[in-house]
Amino acid sequence: MRIDDWFLAVGERGNAHSAIDRRHDGVPWTEGNLAEVLVDGGEYFARLYSTLCSMAAGDSVLLTGLEGDSDERLAGPGTEAAVVLSGLAQRGVRVRGLVWRSHGRSYSEEKNLMFSRAVNTAGGEVLLDNRIRRGGSHHQKIVVVRRESEPDTDVAFVGGMDLVHGRHDDGRHLGDPQCADLDRGEYGERPGWHDVQVMLRGPAVDDIAYTFRERWEDPAPLDTRNPLRWLLHRFSRNPSERAALAGERVDPPRVGPHAVQVLRTYPARRQRYPFAPDGERSIARAYMKAFGRARRLIYLEDQYLWSFHATRVLCDALRRERELLVVIVIPRYPDPDGRISGAASVLGRERVQDALYAAGGDRVAIYDLERDDGTAVYVHSKACIVDDVWVSVGSDNLNRRSWTHDSEISCAVLDETRDEREPRDPAGLGDGARTFARDTRLRLAGEHTG
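Residues in the sequence shown are numbered from 1093 upward in steps of one, following our numbering.
Set out below in structure tokens:
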């Protein structure tokens, strides 16, 4: 298997202004990583909490998110997100975060403000970041843990989950006791929530930390649209100047068999990002390259599936490869809170599904999830597996917004370990099935089918 048959090669990212592809002797990915998929919030939060508890003075935690609930419990009473992060700051851990400021008077503005204020009061630095394209958001969801004395234990988490209500669920999908804001008629009094995060060790951790560094060191004001935001800035205890991050360090050592490419979306905006003045579309470009190589099976989990712009590449693949199967898992009821889309999402989904069925007929299967009692489970995961070779897990949905308008981050993974189970080379291209990809697909399918 040639890695550059699947990953974006030098120049294919389409953003020469970022140094992310020049940091490893000109190779635009890292090898020697260990990736582990964490399915649902219960598993992710438990692993995150144990990792944070092991931190010591002088270590660093870097986080980004769309939103944050100060009181979301990671592992029971006393482990609320803001309590844990505040405790780290008080112990001398450098806590740095960038959380979207949110649209005024709506969505998550108030809770993001309270989350930021709680951590900042304890000595951390979680900033409300509104350097976005109009109508957009910062949607990247990462946590990076860097240890001053043990760089070989550095770890990063990337995926679909913020530290917010509703995410702490498991494979039974009985829901988070701190409920998500979903329609109770459609998803029950305690909505079930399916999601995916990937945990990484090895050199890829440094690429994720570098993505955080680029945003943190952008000298542009965090919010330039409304002078009244200065008051919000003061209330959240945001410092007048951002603290310098710890200096860049040597990559963590190789620890496993996985190659990882860190992919992003940044919009082109009038007030340009210095690291992406014309934007970045590497997530979209990576999907198009992977779908262009697909021969037998594309497995996809997505929150929306309503953008014809993005799913057109799926339709092209289905028409090109007459033996290609496409399996998609989505929520039964799209965007139930109605704050982003409204009725247009239903029409968009119908249009996309009609196009997929027209292109592939019975080679396309679209499913939703339900609990044993028949109550629908909300699907929020953003994961894709192609031919049991290429895996992507991130914050991005398969739609135009995630490919062009919001900030997003995703990790594509290739495993050097061939899977000896049949079929050994499902695509027939000589790449062979890979253990990480096949195990991930079978684990997700096993949870969904019981």
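Yeah, the Cβ is synthetic: ideal placement off N, Cα and C, and Gly gets one too.
This one's a predicted model, so the numbers in the text were calculated from it and none came from an experiment.
Coil, strand or helix - residue i by DSSP
i, result
"D1446", "helix"
"V1176", "helix"
"H1230", "strand"
"T1122", "strand"
"R1535", "helix"
"Y1459", "strand"
"V1102", "coil"
"R1373", "strand"
"R1276", "helix"
"L1439", "helix"
"D1254", "coil"
"G1284", "strand"
"G1453", "helix"
"Y1425", "coil"
"R1259", "coil"
"A1368", "strand"
"R1114", "helix"
"R1530", "helix"
First through last residue of the beta strand (DSSP E) which encompasses residue i
i, result
"M1291", "V1288 to R1293"
"Q1353", "H1350 to Y1358"
"I1477", "A1475 to V1478"
"W1482", "W1482 to G1486"
"V1247", "V1247 to G1251"
"T1156", "S1152 to G1157"
"E1502", "Reading the sequence as shown, one finds Ser at residue 1502 and not Glu. First-last of the beta strand (DSSP E) with S1502: E1500 to D1507."
"Y1391", "L1389 to E1393"
"Y1470", "A1468 to V1471"
"V1218", "E1217 to D1221"
Residue i versus residue j: straight-line alpha-carbon distance, rounded
i, j, result
"R1197", "D1132", "Caution applies to R1197, whose pLDDT of 49 falls short of 50 and renders its modelled position unreliable; the model cannot decide the point."
"P1426", "D1479", "27 Å"
"I1432", "S1194", "Below a pLDDT of 50, predicted positions are generally treated as unreliable, and I1432, at 49, falls in that range; the measurement from the model is reported next regardless. Distance between the alpha carbons of I1432 and S1194: 12 Å."
"L1155", "V1342", "20 Å"
"N1107", "G1371", "7 Å"
"A1293", "D1261", "Reading off the sequence shown, one finds Arg at residue 1293, where the question assumed Ala. So the alpha carbons of these two residues sit roughly 24 Å apart."
"A1450", "P1423", "21 Å"
"E1217", "I1224", "20 Å"
"I1375", "D1507", "19 Å"
"P1345", "M1206", "37 Å"
"A1148", "R1404", "48 Å"
"T1527", "A1127", "12 Å"
"G1227", "S1484", "26 Å"
"P1496", "D1517", "One detail in the question is off: residue 1496 reads as Thr in this sequence, not Pro. Cα to Cα, the separation comes out at about 34 Å."
"G1542", "S1142", "28 Å"
"S1502", "I1095", "17 Å"
"T1245", "R1188", "19 Å"
"H1540", "A1525", "22 Å"
"E1512", "R1530", "11 Å"
"S1454", "C1407", "According to the sequence displayed, residue 1454 carries Asp and not Ser. Roughly 13 Å between the two C-alpha positions."
Start and end residues, alpha helix (DSSP H) containing residue i
i, result
"V1405", "F1400 to R1412"
"Y1141", "G1133 to C1145"
"D1096", "I1095 to W1098"
"S1208", "E1201 to T1213"
"S1194", "Careful: S1194 lies outside any alpha helix (DSSP H) and carries neither H nor E."
"A1544", "Residue 1544 cannot be examined here, being either before or after the span of the chain that is shown, 1093 to 1542."
"S1494", "R1492 to T1496"
Sequence-distant residues of its chain with Cβ nearer than 7 Å to residue i (five each side left out)
i, result
"A1338", "S1152 and R1186"
"D1113", "V1102, R1105 and P1120"
"A1386", "A1409, E1413, L1416, V1478 and D1479"
"R1259", "G1133, M1253, D1268, W1285 and D1287"
"N1491", "Y1396, W1398, S1399 and A1402"
"P1283", "G1258, G1267, C1271, A1272, L1274 and Y1470"
"R1443", "F1400"
"A1312", "R1223 and Q1363"
"A1210", "S1162, A1174 and S1178"
"R1373", "G1106, T1357, W1495 and T1496"
Neighbourhood of residue i by C-beta distance below 8 Å, restricted to the same chain and skipping five residues each side
i, result
"G1430", "Only weak support exists for where G1430 lies, its pLDDT of 49 falling under 50; the value from the coordinates is given anyway. Here the set comprises nothing."
"W1192", "G1157, L1158, E1159, S1200, N1204, L1220, D1221, N1222, I1224, S1229, H1230 and H1231"
"A1519", "R1385, A1386, R1387, R1388, D1479 and V1481"
"D1310", "R1223, Y1365, P1366 and F1367"
Min CB distance residue i to chain C below 9 Å
i, result
"V1129", "Here chain C cannot be found, since the structure has a single protein chain."
Neighbourhood of residue i by C-beta, 6 Å cutoff - its chain only, sequence neighbours within 5 removed
i, result
"Y1391", "V1419, I1477 and R1533"
"V1236", "L1154, A1248, I1300 and A1301"
"Q1289", "L1130, Y1136, F1249, G1251 and M1253"
"A1214", "S1178, A1181 and Q1182"
"D1544", "In the structure as shown, the chain starts at 1093 and stops at 1542, and residue 1544 therefore has no counterpart that could be examined."
"P1243", "P1344"
With three or more beta-carbon pairs closer than 8 Å as the criterion, would you say the segment 1468–1480 touches the segment 1354–1367?
no
Does the contact criterion of 3 or more C-beta pairs under 8 Å hold for the segment 1457–1468 versus the segment 1111–1123?
no
Counting beta carbon pairs with one atom in the segment 1294–1304 and one in the segment 1163–1174, are three or more of them shorter than 8 Å?
By the Cβ test, the segment 1163–1174 is not in contact with the segment 1294–1304, since fewer than three Cβ pairs between them sit closer than 8 Å.
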